[in-house]
Structures are given as C-alpha cells and as structure tokens.
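J.: Okay, here's the structure, questions in a sec.
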Amino acid sequence: MIKQETETTKQEMIAGIVFLIFGLVIIFYSLTKLHFGSLAKPGSGFFPLISGGGIALLSLVWILGNVLKKLKDEPLWEKMSWQKPLLAAALSVVYGLLMKPIGYVLATLVFMTVWQVIIAREKKWWKGLLVAIPATIGVYLIFIVLLRVPIDRGPWGF
Amino acid sequence: MLEGIISGFAVAFTMQNLLFALLGCVLGTAVGVLPGLGPAATISLLLPVVYGFTDPATSIIFLAGIYYGAMYGGSTTSILLNIPGEAASVVTAIDGHEMAKKGRAGAALSVAAIGSFIAGTVGVIGLTFLAPPLSAIALKFGPPEYFSLMLLGLLLAVFLTGGSPLKGSIMLLCGVFLANVGIDPITGAERFTFGQIWLQDGFDFVTIAMGMFGISEILLTLEEKGGGTFVTDKIGRLFLTMQEWKDSRMAIVRGSLIGFFAGIIPGGGAVVASLASYSVEKKFSKHPEEFGHGSIAAVAGPESANNGASSSSFIPLLTLGIPCNASVAMIFAALMVQGITPGPFLITDHPTVFWGVIASMYIGNIMLLVLNLPMVGIWVKLLKVPFTILGPIIILFTVIGAYSLNNDVTNVFIMMFFGVVGYILRKLKFETSPLLMAFILTPLIENAMRQSLLMSKGSFLIFMNRPISGTMMSIFVLVIVYSFFSSFLKKRKARLNKQI
Chain A
0 MIKQETETTK QEMIAGIVFL IFGLVIIFYS LTKLHFGSLA KPGSGFFPLI SGGGIALLSL
60 VWILGNVLKK LKDEPLWEKM SWQKPLLAAA LSVVYGLLMK PIGYVLATLV FMTVWQVIIA
120 REKKWWKGLL VAIPATIGVY LIFIVLLRVP IDRGPWGF
Chain B
0 MLEGIISGFA VAFTMQNLLF ALLGCVLGTA VGVLPGLGPA ATISLLLPVV YGFTDPATSI
60 IFLAGIYYGA MYGGSTTSIL LNIPGEAASV VTAIDGHEMA KKGRAGAALS VAAIGSFIAG
120 TVGVIGLTFL APPLSAIALK FGPPEYFSLM LLGLLLAVFL TGGSPLKGSI MLLCGVFLAN
180 VGIDPITGAE RFTFGQIWLQ DGFDFVTIAM GMFGISEILL TLEEKGGGTF VTDKIGRLFL
240 TMQEWKDSRM AIVRGSLIGF FAGIIPGGGA VVASLASYSV EKKFSKHPEE FGHGSIAAVA
300 GPESANNGAS SSSFIPLLTL GIPCNASVAM IFAALMVQGI TPGPFLITDH PTVFWGVIAS
360 MYIGNIMLLV LNLPMVGIWV KLLKVPFTIL GPIIILFTVI GAYSLNNDVT NVFIMMFFGV
420 VGYILRKLKF ETSPLLMAFI LTPLIENAMR QSLLMSKGSF LIFMNRPISG TMMSIFVLVI
480 VYSFFSSFLK KRKARLNKQI
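Going down the list, the sequences are from chains A and B. 0 is the number of the first residue of the first sequence in numbering that gives the first Met the number 0; add one for each residue after it. 0 is the number of the first residue of the second sequence in numbering that gives the first Met the number 0; add one for each residue after it.
Here it is, written out as structure tokens:
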C-alpha cells in the first residue's frame, strides 16, 4: 500500500561514508578534548562519545550492509533543478543581511520583488513590486503591529 | 477534577484565549490544506512569536490549535487533489480521491470532518479523565524512569515514523550531538565550540526547527514544476445519505479508539494511527474489494484516527512531561522557554495552564468542525494561491523569526545552513524529525542518566532493577529485537517470492 524503496543508491552510500567520517571525528574530539569521567560520575565527554560512536557504528553497518549490492545511480538533481533552491537560499541570506542596513520593511520589499523576478521568472519587475507591496504590508501588520515582535528598525526609523 | 475542568473553561473562554484558539485552528487548517507545509514546520515558524506571549496557556492553546487543526485540513487536499496535505492524510487520499472522482467529494469531506470531530472530542475526554491519575503515577518516577521512558519514546519515534530505522537512528544521534554543542551545564566544560563565542550557547532549537522543517520544505518544493490535477471546483452536497452514515459510523468509532491509543504511545501518533485504521477497516469491511475505489469507511476511519491521536498525544506531554512526536516536542520546548516544565507537577503547580489547554481543545474541535464543513470552499480557494507567492512569504516568516530571536543575523545563517542540510538529507531519504526530537530531549536524558548513575554509583543495573524502568527497558530491547527479526523475515520472504 505504501511503497517502500528498498534499493540503495550510490548517493546514499556516499552519505553513509560521510556520516562514518563524521562519527569518527566526534569520537576523536571526545576522547582527546573532553573528559570522559567514569561510569559512576559521567563527565562531559560521555554523551558525545556515545553519539559519535553510535553514528560511526550505524554508518558502518549501513555501508557494510550495502557494499555488496548493486547500487542504483540516482543523482540528487536532475537537469538543473538545483538552481531555484540555490537562488532561494542565497536570496534569503541576502535578505537577512539587509535587515540592519536598510530596515526590515525595505529589505522585505527587495526580497519579495527580487524573488518574483529571478525565481518566479516574472518578466516585468514592476509586477514583482505589485506582489511585494501587499506582502510587506502584511508582514508589517502581523509581525510588528499585531504580534509586537521586537526587531531593529533601519536607519530611517522603519 | 470537576472543579479543574470548570476552571479550565473559565480560562479557555477569555477573549484572548478564544481568539488564539480560533487563530490556531484557522492557521492549522490552512497549513493542513496546503501541501508541503506541515504542523511541525508551522509551529516552528511561530515559536519566535510565542516567546512574547505573557500567558503560557495562550501559547499552548494557540500551538495546539495548529497541531490538531492540521489534521482536519490535511484531508481536504487529499480528497480533492490526491495530494496529502500532510503525512497523516496520505491514506485518506487513496479512497477519498476516488470518491471525489465519482462526484462524492462532499460526502468524503463531510465524513472526514465529522469523524475528526468525534474522534478529537473523544480524545479530549480521555485526556480529561486520564490525565490526573497518570500525573499521580508519574510522581513516582525518578531519574531512571524518566531516562528509560524518554529513551523508549525516541526509539519508537524512529521505528514508527517510517523510513529506514538505521537512518532514523543516525539522525537521532546527530540530534544528540547537536544538543551537546555548547557549554556543558553540569561541568561547565566547552563542547565542540572550537573557540567560537557564538557556539558557546549551543544551537537554538527554533533555528534548527525552522531550518530543517520550514526552509528545507520550501527548497524541496522549488524543485518541482506544477501543482496537482484539480478534480473539480464543485464539491457537491455536503450531507451524507443514511447509507453513507451507516457505512461509516463504526469506522469512526474504531478510528477514534485506535487513534486514542496510538497517540499515547511515545513515538506513535497520527501517521501510525491512520495507517493502522486503514488496515483494520479493510478487515472489518463487508465490502473489502471497494477499498482503493472509494469506500467511505476508508476515509472515515483513518481521518478519525489521526485526530484522535493528535488529542491523546498531549497526554504524555501534560502528565509525564514527555513529548511523543516532533510537533508536540516543539510545544514542549516552547513551554520550557516560558518557564513551565511539563511533567507530573504541571497539574498542581499550573492548574490553569493544564485545564485551560484541555478545555480549549473541546472548543477548538467545535471551531474546526465549523471551519471544515461549511467553510470548506474558502480553503479550496486558498489552494489556488500560486507557490511563487506563498513560498517567499513563508521564507519571510522564517527569516524575520530567526532574526528577531536576538536581532542578530547569525541566526539567519545558522537557520539557512540547517535548511540546506535538511534539504539534502531529505533528498537522501533521511527523516529529520528524530533529529529534532533527540535535540530537544537530549539535555533532559543526559541529566537523567547522570543523576541515575550517581544514585547507583556507576551501576547501569539501576535501570533494570526498578520495576517501572525495568519494564520500559525490556520493551526497548524487545522492540529492537523484533524489528531486526521482522526485517530478516521480510527479506527471506522476498527471496522466496522471487524464486516462485
């Protein structure tokens, strides 16, 4: 009824290896930098060692369980489908960076407009602005007026 | 108890709490209707907002409304678009959409809403009666019992949420690791901070939650092209015929009970409940061949079950202080931030919060029935808002939310980092909820373990010797053994089937 994917992909295998390394790094750090303590009085390295050890062990089990199988190659991104997510992530970071210099109102306007133009492929930039303005007003009303979220105002007072 | 519930209604009927109950239900329904964004992601988006609330009861009423509201809304897209609005409505899409194709969308929507209402109310009644005695039992819990219970809860959460348990466990341990970053509260030692000041406080769960649930969801959706196939704008009559009611009423009853019990088990919850209900209804049905082709019982049962579970999943939270799924875990964390530790003392120390929330859930279920039946047309229109507008608006919320946590853009970076990581992990079919649950529970588990070992002077036997703790550890071991065994058997069966 609910289909279960039982074939492992090459990409998942790589993830397994990454996790194994990650776990080993955690173990290394815990043993060298942190104090393990004793069973009666566990120290700060106790839990990290368990988490690192567990991650390493489970990844190893995963790798060994799949190493003999024929692996599917299922690339994470087909064609150029990574473009939009990347742009969105980058734009969001820029948005965050713009908050202090130009204030959240203008930053929101810029964010929404640029999104419409670049990600939504809106050809006319003023149409993007048309979408951005109500959204910005909405954000202002909900976050600042209604919910009174404390947020820095920009150099121009808004 | 009677005076408790009456005082609870007094709390629930204040203007503020009624408003936020309504707001939560509306938001929850909207979120449930919109494919992609689920209750966990939405609750995470609103956590920065809830921090500012003065009354903790209002926070929970609001967030709880979102949670069980989403269970109501999820069925709408399942039935009309064959796109589940959220995980617990996947099963509804199977038969619900078939019913819609046959012109019976109205009946499907009605039975989903009515069943949800009945199950939700049954769940809250159960909560009302079971919570006080359970709190009394929980008072006997010491650190070993809490340790075992939380461990069991995390384990069950990994095994029952689907996907590979191995991967889920890795996610869980990553959550443990992330929780360890920062200054160790007991010894004061710095863990994994690499000399960076901004890492000393550790990660904020809101940032991780918004990133891994909210941002990753948007990033995933940005990859795809279009929406689903719209069946019809017209829903048709909403009322059920006598025959339809006869066919579905026992399914609703069974669904409510299944949901109730599935919600209480740590790690269980709405998804498990809906799947279990589907299987049960198929067995009980007089026309099992109809399943998959528009059987109304296949909609009534699972929809009731997922709502029953969402109500009863508050029981472990409010009595034992243990959240059993990601959404409730975030409500738990929100409570902690407001200075309230959920647990057996909640009912005595903060009775207004305890009973206020329960009373509000009765009201919420009524609100949701109204929102989802006569007003269902509005939600259908909501689906027409293009993602190019909704997507950035959601990101807007997350960025402002993250930024406002301490007016620092660092949180935005951290959130985006986890968003991208979560996005990649989900593409690799790793479930992110165990990570978040482990992140929230690890400080408590670590504390409980260290205290227990101090009590027993280093002996791990303390977890087995005490009766309650021992029972839970045994279940823990049994679950692990059973899952290995059953996956082993499945592989054997698959190999045998191939040979035939």
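Ideal Cβ placement from N, Cα and C applies to all residues, glycine included. Keep in mind the model is a prediction, meaning the values are calculated, not measured.
1. Please confirm if the region 186-200 of chain B is in contact with the region 48-65 of chain A, defined as three or more CB-CB distances below 8 angstroms between the two stretches.
2. Grab the span of the alpha helix (DSSP H) containing B/C501 for me, first residue to last.
3. Could you give the distance in angstroms between the alpha-carbon of B/V48 and the alpha-carbon of B/G400?
4. Please classify B/Q195: is it buried, with 16 or more other beta-carbons within 10 angstroms of its beta-carbon, or exposed?
5. Let's test the definition: count the other Cβ atoms within 10 Å of the Cβ of A/G137 and tell me whether it reaches 16, buried, or not, exposed.
6. Can you list the residues of chain A that B/D183 reaches, using a CB-CB cut of under 7 angstroms?
7. Quick check for students: name the residue ranges of the alpha helix (DSSP H) that lie wholly in the region 364-423 of chain B, counting only runs of 4 or more.
8. May I ask you to list the residues that DSSP assigns as paired with B/E97?
9. Considering Cα atoms alone, identify which of B/E97, B/P184, B/G122, B/G141 is closest to B/R465.
10. Hey, could you find the ends of the alpha helix (DSSP H) B/G3 is sitting in?
11. Relative to chain A, which residues along the region 321-335 of chain B have a C-beta separation below 7 angstroms, given in chain order?
12. Quick one: does A/K126 have its CB under 9 angstroms from some CB of chain B?
13. Within the region 134-207 of chain B, note down every full alpha helix (DSSP H) run reaching 4 residues or more, in order along the chain.
14. Quick one: complete alpha helix (DSSP H) runs, 4+ long, within the region 330-357 of chain B?
15. CA-CA distance, B/S247 and B/A106?
16. Can you confirm whether B/K426, when its beta carbon is compared against all beta carbons of chain A, has any partner nearer than 9 angstroms?
17. Rounded to the nearest angstrom, what separates B/M360 and B/V123 at their Cα positions?
18. How should B/M374 be labelled, buried or exposed, when 16 other C-beta atoms within 10 angstroms of its C-beta is the threshold for buried?
19. The alpha helix (DSSP H) spanning A/D72 covers which residue range?
20. Tell me whether the region 312-319 of chain B and the region 293-300 of chain B touch, counting them as touching only if at least three CB pairs, one residue from each stretch, are closer than 8 angstroms.
21. Say whether the region 63-80 of chain A touches the region 114-130 of chain A, bearing in mind that this needs 3 or more beta-carbon pairs closer than 8 angstroms, one atom from each stretch.
22. Is it right to say A/E11 is buried, meaning 16 or more other beta carbons lie within 10 angstroms of its own, or is it exposed?
23. Measuring alpha carbon to alpha carbon, tell me which residue in B/I93, B/N364, B/T57, B/I60 is nearest B/L274.
24. Return the chain-ordered list of same chain residues with a C-beta closer than 7 angstroms to the C-beta of B/V336, the five sequence neighbours on each side being excluded.
25. For the region 21-35 of chain A, which residues have a CB atom closer than 9 angstroms to at least one CB atom of chain D, in sequence order?
26. Can you look up A/G42 in the DSSP assignment and give me helix, strand or coil?
27. Counting only the same chain and skipping the five closest in sequence on each side, list residues whose C-beta sits under 8 angstroms from that of B/L488.
28. Suppose you measure from the CA of B/T53 to the CA of B/G181; what does that come to, to the nearest Å?
29. When you compare only the Cα positions, how much space is there between B/L154 and B/N496?
30. Answer yes or no: does any C-beta atom of chain A fall closer than 9 angstroms to that of B/P343?
31. Rank A/P133, A/K9, A/I143, A/L48 by C-alpha distance to the C-alpha of A/V66 and give the top, closest one.
32. Answer with yes or no whether the minimum CB distance from A/K122 to chain B is below 9 angstroms.
33. Grab the span of the alpha helix (DSSP H) containing A/Q10 for me, first residue to last.
34. Hey, would you say B/A299 sits closer than 9 angstroms to B/A250, going by beta carbons?
35. Below 8 angstroms, how does it come out for the region 415-435 of chain B and the region 201-209 of chain B: are there three or more Cβ pairs, yes or no?
36. Kindly list the residues whose CB is nearer than 6 angstroms to the CB of A/V17, restricted to its own chain and excluding five residues on each side of it in sequence; keep chain order.
T.: According to the data block:
1. The answer is no - the region 48-65 of chain A does not touch the region 186-200 of chain B, with fewer than three Cβ pairs under 8 angstroms.
2. Nothing about residue 501 of chain B can be reported from this structure: the residues present for chain B run from 0 to 499 only.
3. Position 49 of the second sequence, counted from the start, is the residue given in the question as residue 48 of chain B. Position 401 of the second sequence, counted from the start, is the residue given in the question as residue 400 of chain B. When rounded, the distance between both Cα atoms is 7 angstroms.
4. Indexing the second sequence from 1 puts residue 195 of chain B at position 196. Answer is exposed; the Cβ neighbour count stays below 16.
5. Taking the first residue of the first sequence as position 1, residue 137 of chain A is located at position 138. So A/G137 counts as exposed.
6. Position 184 of the second sequence, counted from the start, is the residue given in the question as residue 183 of chain B. Correct list: S43.
7. Fully enclosed alpha helix (DSSP H) runs of 4 or longer: 375-381, 386-403.
8. As a first step, residue 97 of chain B must be located in the second sequence, where it is residue number 98. Answer by DSSP bridge pairing: none, since B/E97 is not bridged.
9. Walking along the second sequence from the start, residue 465 of chain B turns up at place 466. Comparing Cα positions, the closest option is B/G141.
10. Residue mapping note: residue 3 of chain B aligns to position 4 of the second sequence, counting from 1. Here the alpha helix (DSSP H) through B/G3 covers 1-11.
11. Of all residues in the region 321-335 of chain B, none has a Cβ within less than 7 angstroms of some Cβ in chain A.
12. Sequence index remark: in the first sequence, residue 126 of chain A carries index 127 (1-based). Chain B contact via Cβ: absent.
13. You should have 142-159, 164-179.
14. Those alpha helix (DSSP H) runs which fall completely within the region 330-357 of chain B and span 4+ residues are 345-348.
15. In the second sequence, residue 247 of chain B corresponds to position 248, counting from 1. In the second sequence, residue 106 of chain B corresponds to position 107, counting from 1. Cα to Cα, B/S247 sits roughly 11 angstroms from B/A106.
16. Counting from 1 along the second sequence, the entry for residue 426 of chain B is found at position 427. At least one CB atom of chain A sits nearer than 9 angstroms to the CB of B/K426.
17. In the second sequence, the residue the question calls residue 360 of chain B occupies position 361. In the second sequence, the residue the question calls residue 123 of chain B occupies position 124. Taking the straight line from one Cα to the other gives about 7 angstroms.
18. In the second sequence, the residue the question calls residue 374 of chain B occupies position 375. The C-beta of B/M374 has fewer than 16 other C-beta atoms within 10 Å across all chains shown, which makes the residue exposed.
19. Start at 1 with the first residue of the first sequence, and residue 72 of chain A comes out as number 73. If you look at A/D72, you'll find it isn't in any alpha helix (DSSP H); DSSP assigns it neither H nor E.
20. By the C-beta criterion, the region 312-319 of chain B is judged not to be in contact with the region 293-300 of chain B, since fewer than 3 inter-stretch pairs fall below 8 angstroms.
21. Contact between the region 63-80 of chain A and the region 114-130 of chain A is absent, because fewer than three Cβ pairs lie under 8 angstroms.
22. Locating residue 11 of chain A in the first sequence gives position 12, where the first residue counts as 1. Buried, by the Cβ-count rule.
23. Here the question's residue 274 of chain B lines up with position 275 in the second sequence. For the residues B/I93, B/N364, B/T57, B/I60, the minimum Cα distance to B/L274 belongs to B/I93.
24. Working through the second sequence from its first residue, we reach residue 336 of chain B at position 337. Counting only residues of its own chain and dropping the five nearest sequence neighbours on each side, B/V336 has a CB closer than 7 angstroms to the CB of Y50.
25. Chain labels in this structure do not include chain D; the protein chains are A and B.
26. For the purposes of this step, residue 42 of chain A is identified with residue 43 of the first sequence, where counting begins at 1. Here A/G42 carries a coil assignment [DSSP, helix/strand/coil].
27. Position 489 of the second sequence holds residue 488 of chain B. Listed in chain order, the non-local C-beta contacts of B/L488 below 8 angstroms within the same chain number zero, local neighbours out to five positions each way being set aside.
28. Start at 1 with the first residue of the second sequence, and residue 53 of chain B comes out as number 54. Start at 1 with the first residue of the second sequence, and residue 181 of chain B comes out as number 182. Cα-Cα distance, rounded: 29 angstroms.
29. The sequence position of residue 154 of chain B within the second sequence is 155, counting from 1. The sequence position of residue 496 of chain B within the second sequence is 497, counting from 1. Rounded to whole angstroms, B/L154 to B/N496 spans 31 angstroms at the Cα level.
30. Taking the second sequence and counting its residues from 1, the one referred to as residue 343 of chain B is at position 344. So no, B/P343 is outside the interface.
31. Translated into the one-based positions of the first sequence, residue 66 of chain A becomes position 67. For A/V66, the nearest C-alpha among the options comes from A/K9.
32. If you number the first sequence from 1, residue 122 of chain A lands on position 123. Not an interface residue.
33. Here residue 10 of chain A refers to the residue found at position 11 when the first sequence is read from its first residue. According to the DSSP assignment, A/Q10 belongs to the alpha helix (DSSP H) that extends over 9-32.
34. Here the question's residue 299 of chain B lines up with position 300 in the second sequence. Here the question's residue 250 of chain B lines up with position 251 in the second sequence. Cβ atoms of B/A299 and B/A250: closer than 9 angstroms.
35. In short, these stretches touch, since the Cβ pair count reaches three.
36. Mapped onto the first sequence, residue 17 of chain A falls at position 18. Excluding sequence neighbours, A/V17 sits near nothing in its chain.
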